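Undergrad: Let me give you the structure first, and then I'll get to my questions.
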Amino acid sequence: MPFIIVAVLSGAIGLLRGGRIYNLTHLSIRWSGLPLLALGVQLFVIYGPARADARSFGLPALMILGSYALLVFTVLANWRIPGMMLLGVGAALNLLVILLNGGWMPVTAEHLVAAGLLSSPTALEPGQRVPFSKDVLVARHEGYLSWLSDVFMISKAGPLSAVFSLGDGLMMLGLYWIIQYGIMRGGGDDLQAARS
């Protein structure tokens, strides 16, 4: 949900600045289908038949890792687009922490309760997947690189409530920048010149 909010907000701000949504069609992105494939993979893991499977490096976890690898590959293929490298750093940080934690993003019950996403700290046991997410519950101060896990919150904001990582934050900033650049300039001529 935060990524959708960022995309809509960036589009609205771009329009207020005099840009045009049509300009986004001129933003030439190589391998542009890969991010959509990555999104589809994540949605399948989150909402599909294996949505409760929390095994370390089981098939669902490997699919999540693969989805982030697709994003990093897309970034490397399009690094000249303003904002793309920021998005890529965020994706790489998420990939790193997920890789070190069995293929899942660690989160604590305290963060979920504070965000209003869990009714009580005992509603889930450590090691269980958080329903309809790519997160797995860990005890406080457990998990590798916990400072890169889902430790930031949008608290008690109804359907907008969320927990997110530093990597997610960088990805959202990168997405905002890419959309702003695309709406304001289209990017076609500039990128073709840069690639020549």
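With the first letter of the sequence shown counted as 1, position 17 gets the number 22 in the numbering used here; the numbers rise by one all the way through.
All C-beta atoms in this analysis are idealised placements derived from N, C-alpha and C, irrespective of residue type, glycine included.
In this text, all values refer to a predicted model and were calculated from it rather than measured experimentally.
(1) Using a Cβ-Cβ cutoff of less than 8 Å, which residues in the same chain neighbour Leu98 once the five nearest sequence positions on both sides are dropped?
(2) So the alpha helix (DSSP H) Leu81 belongs to, where does it begin and stop?
(3) Taking only three categories from DSSP, how would you classify Val112?
(4) Are Ser151 and Pro111 close, meaning C-beta to C-beta below 8 Å?
(5) Return the first residue and the last residue of the beta strand (DSSP E) that Leu142 is part of.
(6) Would you decide whether Ala162 is buried or exposed? Buried here means 16 or more other CB atoms lie within 10 Å of its CB.
(7) Out of Gly23, Thr79 and Leu91, state which residue places its alpha-carbon closest to the alpha-carbon of Arg35.
(8) Can you list, in chain order, the stretches of the alpha helix (DSSP H) that have 4 or more residues and sit fully within the stretch 97-184?
(9) Rounded to a whole number of angstroms, what is the C-alpha to C-alpha distance between Ile26 and Phe49?
(10) Leaving out the 5 sequence neighbours to the left and right, which residues in its chain are closer than 7 Å to Ser166 when beta-carbon positions are compared?
(11) How big is the Cα-Cα spacing for Leu70 and Met189?
(12) Return the CA-CA distance between Leu64 and Arg22, expressed in angstroms with no decimal places.
(13) Please check the pair Gly132 and Asn106, which I expect to be a contact at CB under 8 Å, by giving their CB distance rounded to whole angstroms.
(14) From Asp155 to Leu14, what does the alpha carbon distance come to, in whole angstroms?
TA: Straight from the coordinates:
(1) These residues qualify, in order along the chain: Leu153, Ser170, Leu171, Gly172 and Leu175.
(2) That run of the alpha helix (DSSP H) goes Leu64 to Ala82.
(3) Taken through DSSP and simplified to helix, strand or coil, Val112 comes out as strand.
(4) Result yes, Cβ atoms of Ser151 and Pro111 sit closer than 8 Å.
(5) Per DSSP, Leu142 is one residue of the beta strand (DSSP E) stretching across Asp140 to Val143.
(6) Around the C-beta of Ala162, fewer than 16 other C-beta atoms lie within 10 Å, and the residue is accordingly described as exposed.
(7) Relative to the Cα of Arg35, the nearest Cα in the group Gly23, Thr79 and Leu91 belongs to Thr79.
(8) The qualifying runs are 114-120.
(9) Going by the C-alpha atoms only, they are around 29 Å apart.
(10) Correct list, in chain order: Ala120, Gly121, Leu122, Ile159 and Ser160.
(11) Cα atoms of Leu70 and Met189: separation of roughly 33 Å, rounded to the nearest angstrom.
(12) Annotation: Leu64 to Arg22 spans about 45 Å, alpha carbon to alpha carbon.
(13) Gly132 to Asn106, Cβ: 11 Å. No contact.
(14) Per the coordinates, the alpha-carbon of Asp155 lies some 22 Å from the alpha-carbon of Leu14.
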